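Residue numbers (full-length UniProt numbering), protein chains in the order written: chain A, 1 to 197; chain B, 1 to 197. In what follows, a structure is listed as structure tokens, so that the remarks can point back to it.
Number of protein chains: 2
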Amino acid sequence: MTAEQRLRADAQRNVEGIRRAALDVFRTGGLATPLDEVARVAGVSKGTIYHRFGSRRGLIDAVVEELVAEQVREIIEAVEALDGPLVRFEEWLLRTWLLQFDEPAANDVLVRMLPESEPLTTLCDRAAKFGRRLLDDAQAAGVVRPDLTPEDLTCLILERGVIVRACTKQTRADYRRRLDFVLHGLRTPPGITAAGS
Amino acid sequence: MTAEQRLRADAQRNVEGIRRAALDVFRTGGLATPLDEVARVAGVSKGTIYHRFGSRRGLIDAVVEELVAEQVREIIEAVEALDGPLVRFEEWLLRTWLLQFDEPAANDVLVRMLPESEPLTTLCDRAAKFGRRLLDDAQAAGVVRPDLTPEDLTCLILERGVIVRACTKQTRADYRRRLDFVLHGLRTPPGITAAGS
DNA sequence: GCATTACTTGACTGCATCGTCAAGAAGCTA
DNA sequence: TAGCTTCTTGACGATGCAGTCAAGTAATGC
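Here's what the structure looks like:
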């Protein structure tokens, strides 16, 4: 970070303050929160944010990793520790959906707001790739409907994202209960014995 | 309509023109379309719309019946003609979801945008009441999961509403295919023999 | 301690939309 | 056709957020 070393002391302080404020504010309100709010919390003016980070996207790129990566990684690790293709598949989906409910910022990432942002896209792809592997395994075992595609999986997460954004009134318990209906709909229907060739 | 008879000839013409433009514009773009657009199509100024209909809501109230009631009624009639509680329940849900995809205005009504609007709420309640009856029948027959509540049903339609609004890129065929997953998830899971007491 | 340069500020422009209103246009009546 | 009344107009004010920049402030090096 030679570039950051060259900053004047006050600028250095501000960069840190803005980062911390952004983490705080985005964590609570999602990535769409007005930058005036971040500026207010950081105790600087909006101009300073633009001067330091170039743009709204620049600021998001600078904090998204710290904001979300950990949580996505945690889910992957927790699922890796489980046994059985169906359990693993469903637990991953379930935890992802709950993360979307609990963390507006994580949801914004998973919904691919700002598709131009590289660190954000990277995070997203990592999760998608893992999900795809679980889907493959579950379908190979014949426990998840064979006509479910990786795109369907992406869509299921995207859909959940717009739902949690729009239906802010529902309780977590209700949200959680309804997820079971969806999961149940993804299992191999009775009458089908195994996945296709 | 004595009140309308008293309008001056040009005003009369404009009211009609605005109504027709609103039907046209709302049908295509949903109830959130800017009134400037309606004004443009009607060939009047925005001021005239406000003068004649009082507010955006006033205009919507004046056309929503003609815009959506017919379609909701059609679905109910088509479903009434079917046999079997599961078929009826699923066909109603399916047709409602497809209506939401095909008609932005109908979707806006079902999603309860403008909860203050009386004709809009009436339409909505009519649909909900019918759905509830189908749910009762299907649960009594043991073909739909007994823990599905009428609120869940409302929620399923609401969810679909925000999804079609947000995911405008998906093809109708994909949307349709995925609905089957959801329907499947609402059926009685294996291992449960009949609905509760 | 002073000049220099880096940094910060907040008022400003731009955009999109809602809804209003004074002034002007047009229909209506005698 | 004159004069009254109704109706229409479009510029305007308000809102909320993004992003910019000239002018002011403060750290730094000598």
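Built from N, CA and C at the ideal position, the CB exists for glycine as well. None of these values were measured; they are calculated from a predicted model.
Asked	Found
Cut-off 8 Å between Cβ atoms - residues of its own chain near residue 86 (chain B), not counting five sequence neighbours on either side	138, 141, 143, 144 and 187
Interface residues of the UniProt domain "HTH tetR-type" (12-71) of chain A facing chain B [CB-CB below 7 Å]	none
Cβ neighbour criterion (16 or more within 10 Å) applied to residue 108 (chain A)	buried
Alpha-carbon spacing of residue 166 (chain A) relative to residue 168 (chain B), whole angstroms	16 Å
One or two residues paired with residue 144 (chain B) in a DSSP bridge	B:187
Residue burial classification, residue 82 (chain A) (beta-carbon count within 10 angstroms, cutoff 16)	exposed
Closer than 9 Å to chain B by CB, residue 183 (chain A)	yes
First through last residue of the alpha helix (DSSP H) which encompasses residue 155 (chain B)	150-166
Whether residue 164 (chain B) touches residue 127 (chain B) by CB criterion (9 Å)	no
Residue closest to residue 68 (chain B), alpha-carbon to alpha-carbon, out of B:30, B:45 and B:9	B:30
Beta carbon proximity, residue 196 (chain B) to chain A, threshold 9 Å	Residue placement at residue 196 (chain B) is flagged as unreliable, the pLDDT there being 40, under the threshold of 50; a coordinate-derived value is accordingly withheld.
Any C-beta of chain B under 9 Å from that of residue 109 (chain A)	no
Residue environment, residue 70 (chain B), which counts as buried when at least 16 other CB atoms sit within 10 Å	exposed
Burial state of residue 171 (chain B) (16 or more Cβ within 10 Å)	exposed
N- and C-terminal bounds of the alpha helix (DSSP H) containing residue 95 (chain B)	85-102
Residue burial classification, residue 78 (chain B) (beta-carbon count within 10 angstroms, cutoff 16)	exposed
C-beta atoms of residue 162 (chain B) and residue 162 (chain A) nearer than 9 Å	yes
Own chain partners of residue 42 (chain A) with C-beta closer than 6 Å, once the 5 adjacent residues on each side are dropped	17, 18 and 21
Given residue 66 (chain B) as reference, the closest of B:26, B:56 and B:189 once Cα atoms are compared	B:26
Length of the line joining the Cα atoms of residue 113 (chain A) and residue 99 (chain A)	16 Å
Proximity of residue 116 (chain B) and residue 57 (chain B) at Cβ, strictly below 9 Å	yes
Under 9 Å between C-beta atoms of residue 93 (chain B) and residue 157 (chain B)	yes
Simplified DSSP state of residue 44 (chain B), which is helix, strand or coil	coil
Any C-beta of chain B under 9 Å from that of residue 162 (chain A)	yes
Given residue 11 (chain A) as reference, the closest of A:63, A:175, A:52 and A:150 once Cα atoms are compared	A:52
Nearest candidate by alpha-carbon position, reference residue 62 (chain B), set B:15, B:148, B:75 and B:131	B:15
Every unbroken alpha helix (DSSP H) within the UniProt domain "HTH tetR-type" (12-71) of chain B, with a cutoff of 4 residues, ordered by chain	35-42, 46-53 and 56-64
Nonlocal neighbours in the same chain, by C-beta distance under 6 Å from residue 119 (chain A), ignoring five residues either side	61, 64 and 65
Beta-carbon neighbours of residue 150 (chain B), restricted to chain A and to distances below 8 Å	The contacting residues do not exist; residue 150 (chain B) stays about 13 Å from chain A at best.
Contact list for residue 189 (chain B) against chain A, beta-carbon separation under 7 Å	184
Option nearest residue 23 (chain B) by Cα separation, candidates B:185, B:103 and B:74	B:103
Best match in B:131, B:47 and B:122 for proximity to residue 75 (chain B) [C-alpha to C-alpha]	B:131
Residue 177 (chain A), DSSP secondary structure in three states	helix
Sequence-distant residues of its chain with Cβ nearer than 6 Å to residue 150 (chain B) (five each side left out)	132
Cβ distance (whole Å) where residue 35 (chain B) is taken to contact residue 89 (chain B) below 8 Å	No, residue 35 (chain B) and residue 89 (chain B) are not in contact; Cβ-Cβ is about 39 Å, not under 8 Å.
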